[in-house]
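Letter by letter, the sequence shown follows residues 37 to 450 in the numbering used here.
We put the beta carbon where it would ideally sit given N, CA and C, even for glycine.
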Amino acid sequence: MNVYEPSNKIEGVVTDTDQLIAQAERISAKNYAPLPVVISKARGVWAWDTDGRRYLDCLSAYSSMSLGHCHPRVIDALTEQARRLTLTSRAFHNDRMGPFLELLCELCQLDMALPMNTGAEAVETAIKLVRKWGYRVKGVPHDRAEIIVCRNNFHGRTTTIVGFSSEEAYREDFGPYGPGFKLIDFGDIDQLEAAITPNTVAFLVEPIQAEAGVRVPPPGYLSAVRQACSAQDVLLVLDEIQTGLGRTGKFLAHEHDTDAAPDVLIVGKALGGGVYPVSAVLAPAAIMSLFQSGEHGSTFGGNPLAAAVGKTALEIIRDEHLSERAATLGKDLLDRLRQIRSPLIAEVRGQGLLVGIELQPGVRNAREICDRLLERGVLTKDAHERVVRLAPPLVIEKEEADWLLKQLEEALTI
Ligand code: PXG
């Protein structure tokens, strides 16, 4: 494959890579440690840097780019809507939100939805909703609601959310944190059962812990979780922000397990078609109806531009059978990765096109492998020190996946 292509330089825009990196490092907060590449253009699964070098995008903005970059239908929806109506606030109705939420609810098989923008906002929304349910429906004494969460969780960066993180780097120096959250081990049903008290309102969990290094729970875990929650009048809240919308080979990752449907579902990332922040919380009417006017909101949540993009993203996932593609291509990728004989690899795990390659301790760190892959034209990022994550757009073609495999083999065997 030809790796170089002239990038479309924009007149008057700086394209010197070193200059752009130096500028960003001088002027922007140091809350990220990006790889030394400056992307200036992307289409489908491919991205180009300022020098015209081409890369296969295997990070997909942490699963947000499932439809590939600049999907023509998304760009049409975005630009057509941008010319017509972009923002009304929720003080008025707009003609795009209802149709968007109708399709979202149908595909997620839940009655009602509350649109937000970022993932963290949607998680916060779900926390408020389940607490209100606890006080109004379950009868938990005021301000005593408990939510059970898992160690190594990742649900976002707000102060409430990092307050129940088990990762020091996420939470140190950002407290004080409020009470009301209890940590247990992911994948351990006995610990969940033991942690539930009369004041427990919900169990909040990711079907696969992506940020923790693509940790897949034991088979049947979510079904057992569902049963334990139902038996003890606890709401099951699934954060499918990263695993949802086709990524793992089903429309929602919980569909891999039988009878594991949540009471409250959180989606985001790919819902914005890779062009706009769109998230949502979904629940049965009996739960979602607890929110009354004035109790929750967002200036941009449910805006017509977001709704036009979100509806189109969902239609593309359905029309292009992206969940099925993720299932087939993901299985093939996992099988073939597991065949690579390399002293560097400890384990390959994942589901669909959400894959983690765990490295043997002490040999090389994942960041070094990501740097090697960058040299070979593959963009990805480490998840913690020892896991190289792969989450290409779901529109990736078989030949492109083959090419990726070749690069991985070479980067992991020398
Ligand atoms: N839940 C899950 C499972 C996620 O992966 C969030 C919630 C929060 O979403 P927002 O839109 O608020 O970022 C995520 C986000 C980062 C970063 O740069 C975020 C994620 C993954 C990797 C990096 O903060 N996931």
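Tell me whether residue i is buried or exposed, calling it buried when 16 or more other Cβ atoms sit within 10 Å of its Cβ.
i       : result
Tyr-68  : exposed
Arg-374 : exposed
His-292 : buried
Lys-66  : exposed
His-107 : buried
Asp-131 : exposed
Ser-99  : buried
Ala-344 : buried
Pro-428 : buried
Glu-522 : One cannot answer for residue 522 here, as it falls past the ends of the chain, which runs 37 to 450.
Lys-434 : exposed
Ala-447 : buried
Gln-55  : exposed
Ala-60  : exposed
Thr-335 : exposed
Ser-329 : exposed
Asp-112 : exposed
Pro-253 : buried
Gly-211 : exposed
Thr-233 : exposed
Lys-205 : First, the residue type needs correcting, since residue 205 is Ala and not Lys in the sequence shown. Looking at its Cβ environment, which holds fewer than 16 other Cβ atoms inside 10 Å, Ala-205 is exposed.
Glu-247 : buried
Thr-190 : Looking at the sequence shown, residue 190 is not Thr but Phe. Looking at its Cβ environment, which holds 16 or more other Cβ atoms inside 10 Å, Phe-190 is buried.
Gly-256 : exposed
Measuring only the C-alpha atoms, how far is residue i from residue j?
i       : j       : result
Ser-76  : Asp-85  : 5 Å
Met-152 : Val-241 : 19 Å
Gly-346 : Pro-313 : 9 Å
Asn-38  : Val-431 : Because Asn-38 carries a pLDDT of 47, less than 50, the predicted location of this residue cannot be relied on, and the following value inherits that uncertainty. Their backbone Cα atoms lie some 20 Å apart in a straight line.
Ala-297 : Arg-262 : 7 Å
Cys-144 : Gly-155 : 17 Å
Thr-294 : Leu-258 : 8 Å
Thr-364 : Gly-388 : 7 Å
Asp-371 : Ala-437 : 12 Å
Val-424 : Arg-412 : 15 Å
Leu-410 : Thr-416 : 8 Å
Val-317 : His-178 : 24 Å
Gly-170 : Gly-216 : 12 Å
Ser-201 : Val-166 : 19 Å
Thr-53  : Ala-118 : 31 Å
Gly-366 : Lys-442 : 16 Å
Glu-421 : Leu-326 : 42 Å
Ile-302 : Phe-239 : 13 Å
Leu-114 : Arg-172 : 40 Å
Glu-445 : Asp-368 : 15 Å
Gly-333 : Ala-149 : 13 Å
Ala-342 : Ala-158 : 15 Å
Asp-275 : Ser-96  : 18 Å
Thr-279 : Pro-243 : 7 Å
Ile-63  : Pro-70  : 14 Å
Thr-51  : Val-81  : 22 Å
Ala-321 : Lys-174 : 16 Å
Ser-78  : Val-110 : At residue 78 the sequence reads Ala, which differs from the Ser that was named. Roughly 14 Å between the two C-alpha positions.
Ile-323 : Thr-196 : 22 Å
Arg-180 : Ile-163 : 13 Å
Arg-193 : Gly-337 : 18 Å
Thr-449 : Pro-379 : 7 Å
Val-73  : Ala-264 : 47 Å
Glu-404 : Val-414 : 13 Å
Pro-135 : Ala-289 : 24 Å
Glu-116 : Pro-340 : 11 Å
Val-300 : Ile-57  : 41 Å
Leu-440 : Leu-307 : 26 Å
Ile-225 : Gln-245 : 16 Å
Leu-219 : Gly-199 : 11 Å
Would you please state the rounded distance, in angstroms, between the beta carbons of residue i and residue j? I believe it to be under 8 Å.
i       : j       : result
Arg-187 : Asp-209 : Contact flag wrong, Cβ pair sits at about 20 Å.
Gly-392 : Val-250 : 3 Å
Ala-349 : Gly-386 : In fact, because the Cβ distance is near 23 Å, the residues do not count as touching under 8 Å.
Ser-315 : Ile-277 : 7 Å
Leu-395 : Ala-382 : 6 Å
Asn-235 : Glu-182 : 5 Å
Ala-319 : Leu-146 : 6 Å
Could one say the Cβ of residue i lies closer than 9 Å to chain D's Cβ atoms, at least one of them?
i       : result
Ile-405 : You won't find chain D in this structure, because it holds only one protein chain.
Looking at C-beta atoms only, is the number of pairs between the stretch 100-120 and the stretch 395-408 that lie closer than 8 Å three or more? No: the two stretches stay apart, fewer than three of their Cβ pairs being nearer than 8 Å.
Across the stretch 178-193 and the stretch 345-363, are there enough close Cβ pairs to call them in contact, namely three or more that are closer than 8 Å? Contact between the stretch 178-193 and the stretch 345-363 is absent, because fewer than three Cβ pairs lie under 8 Å.
Under a criterion of Cβ closer than 6 Å to any non-hydrogen atom of the ligand PXG, which residues qualify, in chain order? Taking a cut-off of 6 Å from the heavy atoms of the ligand PXG, the residues with a C-beta inside it are Tyr-98, Thr-154, Gly-155, Ala-156, Val-159, Phe-190, His-191, Gly-192, Arg-193, Glu-242, Ala-246, Glu-247, Asp-275, Ile-277, Gln-278, Gly-304.
Inter-stretch contact (C-beta, 8 Å, three-pair minimum) for the stretch 120-128 and the stretch 77-96: These segments do not touch.
Say whether the stretch 275-289 touches the stretch 131-142, bearing in mind that this needs 3 or more beta-carbon pairs closer than 8 Å, one atom from each stretch. They do not touch, by the three-pair rule.
Inter-stretch contact at 8 Å, needing at least 3 Cβ pairs: the stretch 228-237 / the stretch 266-274: Result yes; three or more Cβ-Cβ pairs closer than 8 Å.
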